[in-house]
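K.L.:
Numbering (the numbering used here), first residue to last: 25 to 418. Got a structure here, written out as structure tokens. Questions coming.
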Ligand SMILES: Cc1cc2nc3c(=O)[nH]c(=O)nc-3n(C[C@H](O)[C@H](O)[C@H](O)COP(=O)(O)OP(=O)(O)OC[C@H]3O[C@@H](n4cnc5c(N)ncnc54)[C@H](O)[C@@H]3O)c2cc1C
């Protein structure tokens, strides 16, 4: 019998497997794809903070960035710049392979082409039903980690509920004619959300957007425009899509099981980034499981410590970020333009940069500080924040 079966060999599943295998637990990763890094749809931007906290290997980092330009609907530009690199752009496929290799190096087993269909939990073990090579197989384990990303219906079938909210991202790899910094666009390119152009290895870039409906349609329109403006070589490129949870699952643990990463909805609601928050939560999941396996107490009550732990770390960020996201969705182009002008004219961007509040990962402080500027809050028609101070419960 395994100590832990991890469902999903994406970056977060592999990281939990790595941490558990390092502690000596017999760990198996079940992955429905035929190999690591197959069919990944992700821009792969993470902060320097994330890269160093999780020892992301240099060989999977395509480039580092220390600046970004934000464009308002009418083309006003806010340039954010710092002397030191703030973020890394990953070779996302190599990153996933590297995480799986690290886990395997620590002793975790991987079974590919293994689609998990069902999980049942009993008093002394969990049973995982896997479809592999056309056959149903049952695997027994003391504990289960669900790290199956956005699409899996396993969590709702186990009574853990569904994501409170989600969007969809669409992306394409394009050949550019010289873009050298991260660009983010607001307005009718991606109404209510935003679009991005992220250079990778010259002359290539990742162009994408996230939206609630028809992201493919909007991305095609934008690609056509970029091609017509001569910014990319061709609009005839393949698109990939991925669901992005922006409000977490109501419950991320149960008898003998925990849920991590995108499967749990541990994603920044502001921009859909899930790698760092997923890895931070994976650390908490692995530590909670390690202790629970040692004490042979895998009850839901004991594993509830995991949820309390990750909410303590990320709960406020997710709550404030989601509130800001919903507020932003209500703004029209005119209001967004006005906010850009106010920020620029008042030097607010520079003040935020100087105050070190502008963090790639921790957005709540920036959001709250920004709204403390009455002139910004008024432009957004906010008179009173729903949370001025004190605790914010998820
Ligand atoms: C267009 C787009 C751009 C993005 N850009 C960024 C970015 O720049 N930065 C960032 O931090 N985040 C970004 N994200 C989010 C990021 O991709 C995810 O947060 C991250 O991949 C989550 O990792 P994960 O391991 O939880 O899930 P996944 O990467 O989705 O991995 C889940 C794995 O589980 C497997 N699986 C699913 N169901 C089963 C099953 N039943 N049985 C067996 N295996 C199963 C899947 O095949 C998959 O390999 C982006 C997302 C999209 C859609």
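In this text, a Cβ means the ideal position worked out from N, Cα and C, and glycines have one as well.
So, helix, strand or coil for residue 353, using DSSP?
P.N.:
Correct three-state label for residue 353: helix.
K.L.:
Compute the distance between the beta-carbons of residue 214 and residue 221, then report whether it is under 8 Å.
P.N.:
No; because the gap between Cβ atoms is not below 8 Å, this pair is not in contact.
K.L.:
Can residue 94 and residue 208 be called in contact, C-beta distance under 8 Å?
P.N.:
Cβ distance < 8 Å, so residue 94 and residue 208 count as in contact.
K.L.:
Would you tell me roughly how many angstroms separate the C-alpha atoms of residue 86 and residue 146, rounded to the nearest one?
P.N.:
Each residue's Cα considered, the two are about 46 Å apart.
K.L.:
If you pair each beta-carbon of the stretch 47-56 with each one of the stretch 126-133, do three or more pairs fall below 8 Å?
P.N.:
The stretch 47-56 is in contact with the stretch 126-133.
K.L.:
Going along the chain, which unbroken runs of the beta strand (DSSP E) with 3 or more residues stay wholly within the stretch 277-351?
P.N.:
Taking only runs of at least 3 residues, the beta strand (DSSP E) segments lying wholly in the stretch 277-351 are 281-283.
K.L.:
Going by beta-carbon coordinates alone, are residue 385 and residue 43 separated by less than 8 Å?
P.N.:
It is not a contact, given that the beta carbons lie outside the stated cut-off.
K.L.:
Please go through the stretch 172-258 and give each complete alpha helix (DSSP H) segment of 4 or more residues, from N-terminal end onward.
P.N.:
List check, alpha helix (DSSP H) in window: 178-181 and 239-252.
K.L.:
Terminal residues of the continuous alpha helix (DSSP H) containing residue 263?
P.N.:
Here residue 263 belongs to no alpha helix (DSSP H), and DSSP marks it neither H nor E.
K.L.:
Output yes or no for whether 8 Å exceeds the beta carbon distance between residue 202 and residue 120.
P.N.:
No. Outside cutoff.
K.L.:
With residue 166 and residue 25 assumed to form a contact (beta carbons below 8 Å), what rounded beta-carbon distance in angstroms separates them?
P.N.:
7 Å between Cβ atoms; contact.
K.L.:
Please report how far the alpha carbon of residue 343 lies from the alpha carbon of residue 98, in whole angstroms.
P.N.:
The alpha-carbon atoms of residue 343 and residue 98 are separated by roughly 30 Å.
K.L.:
Could you give the first and the last residue of the continuous beta strand (DSSP E) run that contains residue 394?
P.N.:
No beta strand (DSSP E) contains residue 394, which is instead part of the alpha helix (DSSP H) from 388-396.
K.L.:
How far does the alpha helix (DSSP H) with residue 62 in it reach, from first residue to last?
P.N.:
Neither: residue 62 is in no alpha helix (DSSP H) and is coded neither H nor E.
K.L.:
Between residue 177 and residue 269, what straight-line distance do the alpha-carbon atoms span, to the nearest angstrom?
P.N.:
Computed Cα separation, rounded: 13 Å.
K.L.:
Cα separation between residue 291 and residue 164?
P.N.:
Distance between the alpha carbons of residue 291 and residue 164 is about 30 Å.
K.L.:
Let's test the definition: count the other Cβ atoms within 10 Å of the Cβ of residue 345 and tell me whether it reaches 16, buried, or not, exposed.
P.N.:
Label assigned to residue 345: buried.
K.L.:
Measuring CB to CB, does residue 234 end up less than 8 Å from residue 210?
P.N.:
Going by C-beta atoms, residue 234 is not nearer than 8 Å to residue 210.
K.L.:
Which runs of the alpha helix (DSSP H) fall wholly inside the stretch 94-153 and span at least 4 residues, in chain order?
P.N.:
As far as the stretch 94-153 is concerned, its whole alpha helix (DSSP H) runs of at least 4 residues are 116-129.
K.L.:
For residue 383, name the three-state secondary structure that DSSP assigns.
P.N.:
Here residue 383 sits in coil by DSSP.
K.L.:
My assumption, with CB atoms under 8 Å, is that residue 302 sits in contact with residue 284. Please give the rounded CB distance.
P.N.:
So it is a contact: roughly 6 Å between Cβ atoms.
K.L.:
Within 10 angstroms of the Cβ of residue 226, are there 16 or more other Cβ atoms? Answer buried if so, exposed if not.
P.N.:
Answer is exposed; the Cβ neighbour count stays below 16.
K.L.:
In this structure, how does DSSP classify residue 166 when only helix, strand and coil are distinguished?
P.N.:
Strand, per DSSP.
K.L.:
Which residue's Cα is closest to the Cα of residue 187: 62, 242 and 276?
P.N.:
Looking at the Cα atoms, 276 is the closest of the given residues.
K.L.:
Does the beta-carbon of residue 317 have 16 or more other beta-carbons within 10 angstroms, so that it is buried, or is it exposed?
P.N.:
Label assigned to residue 317: buried.
K.L.:
Just mark residue 258 as buried or exposed, buried being the case when its beta carbon has 16 or more other beta carbons within 10 Å.
P.N.:
When all chains shown are included, residue 258 counts as exposed.
K.L.:
Have a look at 287, 373, 330 and 180 and flag the residue whose alpha-carbon is nearest the alpha-carbon of residue 170.
P.N.:
For residue 170, the nearest C-alpha among the options comes from 287.
K.L.:
Report yes if the C-beta distance between residue 387 and residue 47 is below 8 Å; otherwise report no.
P.N.:
No; because the gap between Cβ atoms is not below 8 Å, this pair is not in contact.
K.L.:
Which residues in the same chain have their Cβ closer than 8 Å to the Cβ of residue 149, if we skip the five residues on either side of it in sequence?
P.N.:
Cβ neighbours of residue 149 beyond the five flanking positions: 25, 164, 165, 166 and 280.
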